[in-house]
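In the numbering used here, the protein residues as written are 1 to 59.
Where is the CB? At the ideal position from N, CA and C, for every residue including glycine.
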């Protein structure tokens, strides 16, 4: 399933396994925070806005 795992994500995962989460956050800093916020923003918009919009539009 390498199709769904970007290269940067694989690098981040290997770095977490080697150094630990705390060292990873110290090294990457705001990029980890931004990726976390962006992931949940996209997920929540899809679940709570886009899907209900299409469901109720077709009723």
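Measuring straight from C-alpha to C-alpha, what distance separates residue i and residue j?
{"i": "residue 25", "j": "residue 57", "result": "42 Å"}
{"i": "residue 31", "j": "residue 17", "result": "18 Å"}
{"i": "residue 20", "j": "residue 47", "result": "32 Å"}
{"i": "residue 39", "j": "residue 8", "result": "15 Å"}
{"i": "residue 14", "j": "residue 6", "result": "13 Å"}
{"i": "residue 34", "j": "residue 41", "result": "10 Å"}
For the alpha helix (DSSP H) that contains residue i, what are its first and last residues?
{"i": "residue 38", "result": "30-45"}
{"i": "residue 16", "result": "7-19"}
{"i": "residue 53", "result": "51-57"}
Any heavy atom of the ligand SAH inside 7 Å of the beta-carbon of residue i?
{"i": "residue 47", "result": "Among the ligands in the structure shown, none appear at all, so the ligand SAH cannot be discussed."}
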